[in-house]
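Number of protein chains: 2
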Amino acid sequence: MVRESEIRRNEVAVIPPEPSDAGLIFIGRIRTPWTSRLMAPRQGRPDGPVCRIEIFEPWQAALDGIERFERLEVLYWLHLSRRDLVRQSPGDNGTTYGTFALRSPVRPNPIGTSIAMLVALEGSTLLVRGLDCLDGTPLLDLKPDRTLFKPIAPEQPGDRQTQA
Amino acid sequence: MVRESEIRRNEVAVIPPEPSDAGLIFIGRIRTPWTSRLMAPRQGRPDGPVCRIEIFEPWQAALDGIERFERLEVLYWLHLSRRDLVRQSPGDNGTTYGTFALRSPVRPNPIGTSIAMLVALEGSTLLVRGLDCLDGTPLLDLKPDRTLFKPIAPEQPGDRQTQA
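Chains as they are written, first to last, in our numbering: chain A, 1 to 164; chain B, 1 to 164.
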């Protein structure tokens, strides 16, 4: 079963520093069918339910042109997640893994990333498939999927830089 | 040419809210060959130079098992980027695009994401290829590439949920 917020057998917590190195702005809110961690999918699926991404002002003008991309990278804040575990037991069976070897929502900076299929843009709301987060999750960013985006800026010296 | 921090013709800036909705912890630092925006690649390449990702305490224990993944998702803080543009002109030619239709570092929450090829793990330092960020960029998170990671937690009701 997916965690509410308990620490499980063999998991390792640390005392994290104050989260004051940089500050975030919630730029929107995500509406999904899932109101409990115990129901949400472990991973989004491209044929999953249509979810809504509502964009707040003053950011709505930043949506212009987004409909050209069939897949979007969505970054959001996992607002219910604890941040202090360095080893976790996803199976709740005593076997643990380092946090950076997992895609668990429990992380020092609980930022979730998904690839969403864009279904429609209705005013300042995006309809998408492929998410797995809870209803009400705060939005941090939207970007074109990296595999679809070609840089518009002129070429830079680093573009061709390789190394054996 | 890539922007230092000027506003260009036809670009649109807004007055952003205070960035106080949530706080970040810098968990490491990225070492790359690029010390200027005018030299860095526009996008990382899988055969690019080897870069170093140094992990700070108390997060080093969270690396355990990461070497099983040949590709990692890297999240980092674009610490030199302005955050107030909703329309940008990457070509510096007067043509503008909405920020969410670009992968520019200039965003309300300047979080960069890359897929890095793991070359080696040396103590608490990862050697990777595929990055395009500046030397000294603060690290926010490391996750297995989503296409390589299979959830370990038991199945959830939402896993099979689809919708026409």
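In this text, a Cβ means the ideal position worked out from N, Cα and C, and glycines have one as well. Note that the coordinates shown come from a computational prediction; the quantities given were computed from them, not determined experimentally.
For residue i, the three-state DSSP class (helix, strand or coil)
i, result
"A:I66", "helix"
"A:T99", "helix"
"B:R129", "strand"
"B:G158", "helix"
"A:A40", "coil"
Cβ pair residue i, residue j closer than 9 Å
i, j, result
"A:W59", "B:F26", "no"
"A:I7", "A:L63", "no"
"A:L134", "B:A22", "no"
"A:L126", "A:L148", "no"
"A:W77", "A:P110", "yes"
"B:A61", "A:V12", "yes"
"A:V128", "A:R68", "no"
"B:V74", "B:A116", "yes"
"B:G158", "A:R42", "yes"
"B:R9", "B:S124", "no"
"B:Q161", "A:G48", "yes"
Short CB-CB distance (under 9 Å) between residue i and chain B
i, result
"A:L24", "yes"
"A:I30", "no"
"A:E4", "no"
"A:G123", "no"
"A:S81", "no"
"A:M39", "yes"
"A:E54", "no"
"A:L118", "no"
"A:R71", "no"
Those residues which DSSP pairs with residue i across a bridge
i, result
"B:D141", "B:L75"
"B:G91", "According to DSSP, which records beta bridges pairwise, B:G91 is partnered with nothing at all."
"B:R29", "B:E54, B:P138"
"A:T147", "None; A:T147 has no bridge partner."
"B:V12", "B:R87"
"B:M117", "B:R71, B:R129"
Contact with chain A by residue i, beta-carbon distance below 9 Å
i, result
"B:N10", "no"
"B:L75", "yes"
"B:V128", "no"
"B:I7", "no"
"B:G91", "yes"
"B:G48", "yes"
"B:D135", "no"
"B:G94", "no"
"B:E18", "yes"
Contact belief for residue i with residue j at Cβ below 8 Å, rounded distance in angstroms
i, j, result
"A:L121", "A:I66", "7 Å"
"B:D132", "B:S114", "7 Å"
"B:L118", "B:R71", "7 Å"
"A:P16", "A:R87", "Incorrect: roughly 14 Å between the Cβ atoms, too far for contact."
Where residue i meets chain D, residues with beta-carbon distance less than 7 Å
i, result
"B:T99", "Absent from the structure: chain D. Protein chains present are A and B."
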